[in-house]
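Chemist: Okay, here's the structure, questions in a sec.
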Amino acid sequence: MKKLMKLMIATAVVIGVGVAILPGVDANAVNVFDQCGANADAAVCKAKGDNASSMIQTVINILLYILGIIAVVMIVIGGIRYTTSNGDPGSLKTARDTIIYSVVGLVVAILAYAIVNLVVGRFITG
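When we follow this note's numbering, the leftmost residue of the sequence shown carries the number 382, and every step to the right adds one.
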């Protein structure tokens with residue numbers, strides 16, 4: 382244990398000295414909209430405007446669509462499991478839980494979509 386502690390302290394000292402001695406690197410911001418000329422089909426480039434709020438709205442909408450697709454697929458899987466359970470109480474409960482949780486996830490995704498569009502539409506762009 383003492384050996385591990387000494388190794389960790391030595392590593393921290395070496396990193397600290399290296400950070401203090403080495404020169405800093407300049408950080409430059411990248412404008413993502415400058416890249417749209419070469420790749421105009423990207424979802425970010427198809428946003429309503431060239432600003433951060435439209436990009437955030439586009440990214441959140443894509444994530445919510447993916448979440449909705451996953452929820453629908455899980456509802457279908459739960460339905461298949463429900464029909465193939467052959468009356469087994471354990472399988473029925475598992476399939477029913479899958480369907481219930483998927484429906485709850487789908488409702489949450491729809492509400493999140495509505496809230497995001499309300500907030501972005503009312504407060505950020507307007």
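Ideal Cβ placement from N, Cα and C applies to all residues, glycine included.
Remember, it's a predicted structure, so these values are computed and weren't measured experimentally.
1) Measure the C-alpha to C-alpha separation of A467 and V485 and round it to an integer number of angstroms.
2) Are the CB atoms of I491 and G449 within a distance shorter than 9 Å?
3) Pull up the distance between the alpha-carbon of Y482 and that of A452, whole angstroms please.
4) Tell me the DSSP secondary structure of D478 in three-state form.
5) So, is Q438 buried or exposed, given that buried needs 16 or more other C-beta atoms within 10 angstroms?
6) What did DSSP end up calling S466 once you bin it into helix, strand or coil?
7) Buried or exposed for L388, please, with buried defined as at least 16 other CB atoms from any protein chain shown within 10 angstroms of its CB.
Modeler: With the structure as the only source:
1) According to the sequence provided, residue 467 is Asn. The question's Ala does not apply to it. Their backbone Cα atoms lie some 25 Å apart in a straight line.
2) Contact: yes.
3) When only Cα atoms are considered, Y482 and A452 end up about 9 Å apart.
4) Residue state for D478 is assigned as helix, using DSSP reduced to three classes.
5) When all chains shown are included, Q438 counts as buried.
6) Collapsing the DSSP output to three states places S466 in coil.
7) With fewer than 16 other Cβ atoms within 10 Å, it is exposed.
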